[in-house]
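Read top to bottom, the protein sequences are chains X and R. Heads up: the first sequence begins at 795 in the working numbering, then just goes up one per residue. Heads up: the second sequence begins at 3 in the working numbering, then just goes up one per residue. All residues carry an ideal CB built from backbone N, CA and C; glycine is no exception. To start, the structure under review is shown below, and the notes come after it.
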Amino acid sequence: MKKEIICTVCPRGCHIMVEGAGDTVSSVEGYACKRGLEYASAEFAHPVRILTTTVKVTGAQESLLPVRSNNPIPKEKLFECMDVIRAIEVKAPVNCYDVIVADICGTGVNIVSTKTVEAE
Amino acid sequence: MYNVNCDVAIIGGGPAGLAAAIAAKKEGAEKVLVLERDNAPGGILQQCIHPGFGLTRFKAELTGPEYYGRFVDEAKEVGVEYMLDTMVLEVCNETNEVVCTSSRYGLTCVKAKSIVLAMGCRERTRAGIMVPGTRPAGVYTAGAAQRLVNRQNIMVGKKVVILGSGDIGMIMARRMTLEGAQVVMVVELMDYLAGLTRNRVQCLDDFGIPLKLAHTITRIEGNERVTGVWVAPVDDKKQPIADKAEFVECDTVLFSVGLLPENELTRKAGIAIDPVTNGPAVNQYMQTSAPSVFACGNVVHVNDLVDNVSEESERAGKYAARYAMGKLDGEKKIVKCVTGRNVRYLCPQTIEANEVDGKVTLYFRVLQPEENVRLVARCGDTQLAKCKEFRVNPGEMCHLTVATKDIDGDVTVDVVKED
Numbered sequence: 795m796k797k798e799i800i801c802t803v804c805p806r807g808c809h810i811m812v813e814g815a816g817d818t819v820s821s822v823e824g825y826a827c828k829r830g831l832e833y834a835s836a837e838f839a840h841p842v843r844i845l846t847t848t849v850k851v852t853g854a855q856e857s858l859l860p861v862r863s864n865n866p867i868p869k870e871k872l873f874e875c876m877d878v879i880r881a882i883e884v885k886a887p888v889n890c891y892d893v894i895v896a897d898i899c900g901t902g903v904n905i906v907s908t909k910t911v912e913a914e
Numbered sequence: 003m004y005n006v007n008c009d010v011a012i013i014g015g016g017p018a019g020l021a022a023a024i025a026a027k028k029e030g031a032e033k034v035l036v037l038e039r040d041n042a043p044g045g046i047l048q049q050c051i052h053p054g055f056g057l058t059r060f061k062a063e064l065t066g067p068e069y070y071g072r073f074v075d076e077a078k079e080v081g082v083e084y085m086l087d088t089m090v091l092e093v094c095n096e097t098n099e100v101v102c103t104s105s106r107y108g109l110t111c112v113k114a115k116s117i118v119l120a121m122g123c124r125e126r127t128r129a130g131i132m133v134p135g136t137r138p139a140g141v142y143t144a145g146a147a148q149r150l151v152n153r154q155n156i157m158v159g160k161k162v163v164i165l166g167s168g169d170i171g172m173i174m175a176r177r178m179t180l181e182g183a184q185v186v187m188v189v190e191l192m193d194y195l196a197g198l199t200r201n202r203v204q205c206l207d208d209f210g211i212p213l214k215l216a217h218t219i220t221r222i223e224g225n226e227r228v229t230g231v232w233v234a235p236v237d238d239k240k241q242p243i244a245d246k247a248e249f250v251e252c253d254t255v256l257f258s259v260g261l262l263p264e265n266e267l268t269r270k271a272g273i274a275i276d277p278v279t280n281g282p283a284v285n286q287y288m289q290t291s292a293p294s295v296f297a298c299g300n301v302v303h304v305n306d307l308v309d310n311v312s313e314e315s316e317r318a319g320k321y322a323a324r325y326a327m328g329k330l331d332g333e334k335k336i337v338k339c340v341t342g343r344n345v346r347y348l349c350p351q352t353i354e355a356n357e358v359d360g361k362v363t364l365y366f367r368v369l370q371p372e373e374n375v376r377l378v379a380r381c382g383d384t385q386l387a388k389c390k391e392f393r394v395n396p397g398e399m400c401h402l403t404v405a406t407k408d409i410d411g412d413v414t415v416d417v418v419k420e421d
């Protein structure tokens, strides 16, 4: 399988052609630096993304608490993770980087708070 | 009227105001007061819950709240003071008074020794680009929708068309998709992307959202609620080709069509405005045409990276503090920064050239995307700095650093095509 990947490592945005099967890469063309080569290979085999969203918070001045995944999550699991996060409600106070969901959807990644919210 | 005295008054508690306040305190200003109209500091970053901030400054990919959170913590440590829920009504640069109204103190006069303008920018609206049609519910600027969705827990629509491929528009495309809406398309007037490539990949391509370059919305339909929009390709003069317009069904339209520095206070104070940036003209200290008034961040020129805002705001805060302490004066040789080939604007607009070992970073945007270019800063025929770039585009700010000792006249920046 051949896939064109636009590199997002730097603003240059190289269009890199990666060829391979499954998660094995057989050839990479069109990259301009080592970081681009690494990015394109990883993006071909296992594309991952940081997930950011919000959860409901009670007992605080604000109604939502912003959260993120502390590490990138496989791209195909983003919506599954959203379904889990959507059902969550937390109670203030919450500190920045408190774990809101541990090991979300078996990814080994935690969903953590990105903001300190005081109790009202 | 309630009266407050301070050394440096900072208007706006977003990333620019916070960085300026911290730097002013560190430089030795005793009382630094941030005036903020929201009920908490952080500004627009409070609703920017996505990652991508701080790559330059912290070498980490932070979300908006994490980024400003670091500044709020530092501001607390160094003793920055705030007046929240406070709206500034007028800045008087002759008396250094800032008149504001606060829900706690009522009408208030803040007397300062120097003032930093850090009001940021606001979004261009549908009215700003005059899109014809009816006026139904469901038409938002992307940032307004972002605030409703990310801070107020109000979902703005189910089937969305976004006009403008700026970063906020693309980020909202992803956000709406993750929250269960269908983003039908992103429509962009220009034949190139307005925002960062990384956002196109991670916000549009990842979710299969089509990007229609060289297209625009020609009409909005619907009575009570948006029922759809007409989308047409544009010719090379950016005029819509009417008979090729297609009806696209949707219940929501988001506008991400540019940001405008918020300079009502600046204009009212009689401070000189650069007609290209729509922000105050500044020198390398971020000092405006009124010597006691400094400015930084998106109120000066719209930035694409908050890291750059923090850097220039620290400069504004530092020199505002020096001014307040009487350490920034003297006769100076002032030169202009001049836009050369394929340069839309330059910031700062002027340089005080007789600093012995100073360095000035010139920030600028190109007019047109170009490949294989050299960025050159020069004084007449003397080259001051140069840098090769594989690709430049108007959405990504460029910069060059020059030494002030080499400057003996106006500084011109050109983007030169390499052979």
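Item                                                                                                                                                                                     : Value
Is it true that the stretch 192 to 210 of chain R meets the stretch 387 to 401 of chain R, where meeting means three or more beta-carbon pairs spaced less than 8 Å apart?               : yes
What does a CB cutoff of less than 6 Å around R:G145 pick up in its chain, not counting 5 residues either side in sequence?                                                              : E125, I170
With 8 Å as the threshold, decide whether the Cβ of X:C890 is near any Cβ in chain R.                                                                                                    : yes
Just to confirm the assignment, what range does the beta strand (DSSP E) spanning R:R427 have?                                                                                           : Residue 427 of chain R lies beyond the residue range present for chain R, which begins at 3 and ends at 421; the question has no answer from this structure.
For X:I800, return the contacting residues in chain R, with the cut-off set at a CB-CB distance below 9 Å.                                                                               : T199, R200, R202, V203, D207
Would you mind stating whether X:A834 and X:V822 have Cβ atoms separated by less than 8 Å?                                                                                               : yes
How about R:I222: is its Cβ closer than 7 Å to a heavy atom in the ligand MN?                                                                                                            : Although the ligand MN was asked about, the structure shown includes no ligands whatsoever.
Would X:Q855 be called buried (16 or more neighbouring beta carbons within 10 Å of its own) or exposed?                                                                                  : exposed
Quick test of your reading: R:T1 and R:A297, contact by CB under 8 Å. State the CB separation rounded to the nearest angstrom.                                                           : Outside the displayed range of chain R (3 to 421) lies residue 1 of chain R, so it cannot be described from this structure.
State whether the stretch 285 to 300 of chain R contacts the stretch 91 to 105 of chain R, with contact taken as three or more CB pairs (one from each stretch) at a distance under 8 Å. : yes
For R:S104, count neighbouring C-beta atoms within 10 Å of its own C-beta (all shown protein chains included) and say buried if the count is 16 or more, exposed if not.                 : buried
Within 10 Å of its beta-carbon, does X:V878 have 16 or more other beta-carbons around it, so buried, or fewer, so exposed?                                                               : exposed
Which stretch, first to last residue, makes up the beta strand (DSSP E) that contains R:V345?                                                                                            : Where R:V345 is concerned, there is no enclosing beta strand (DSSP E), given that its DSSP letter is neither H nor E.
Grab me the residues of X:C875's own chain with a C-beta within less than 7 Å of its C-beta, minus the 5 sequence neighbours each way, in chain order.                                   : L845, I867, I898, C899
Buried or exposed for R:C123, please, with buried defined as at least 16 other CB atoms from any protein chain shown within 10 angstroms of its CB.                                      : buried
Return the Cβ separation of R:L261 and R:V311 in integer angstroms, given the expectation that the two are a contact with Cβ distance under 8 Å.                                         : The Cβ separation is near 12 Å, so there is no contact.
Suppose you measure from the CA of R:L37 to the CA of R:K113; what does that come to, to the nearest Å?                                                                                  : 12 Å
My assumption, with CB atoms under 8 Å, is that R:E372 sits in contact with R:V394. Please give the rounded CB distance.                                                                 : 5 Å
Are R:G140 and R:T254 closer than 8 Å when you measure CB to CB?                                                                                                                         : yes
Comparing alpha-carbon positions, which option in X:K909, X:R862, X:G853 lies nearest X:E883?                                                                                            : X:G853
Helix, strand or coil for R:R200 per DSSP?                                                                                                                                               : helix
The alpha helix (DSSP H) with X:C875 in it runs from where to where?                                                                                                                     : 872 to 880
Looking at the structure shown, is R:F60 part of a helix, part of a strand, or coil, going by DSSP?                                                                                      : coil
Check each candidate in R:V302, R:N7, R:I156 and name the one with the smallest Cα separation from R:K115.                                                                               : R:N7
Does R:T279 come out as helix, strand or coil in the three-state DSSP assignment?                                                                                                        : coil
Kindly confirm or deny that the stretch 316 to 334 of chain R and the stretch 11 to 30 of chain R touch, where touching means at least three C-beta pairs closer than 8 Å.               : yes
For X:L858, I'd like the list of residues in its chain whose CB is within less than 8 Å of its CB, leaving aside the five on either flank, ordered along the chain.                      : T848, V849, K850, V851
Closest by CA to R:T252, which one among R:T290, R:V236, R:V188?                                                                                                                         : Note that residue 252 of chain R is Cys in the sequence shown, not Thr. When each option's Cα is compared against that of R:C252, the closest is R:V188.
Could you check what DSSP says for R:M132 in three-state terms: helix, strand or coil?                                                                                                   : coil
On a CA-only basis, which of R:L165, R:V151, R:A147, R:L386 is nearest R:V133? Give me that one, please.                                                                                 : R:L165
So, with DSSP's three-state summary, where would you put X:G830?                                                                                                                         : helix
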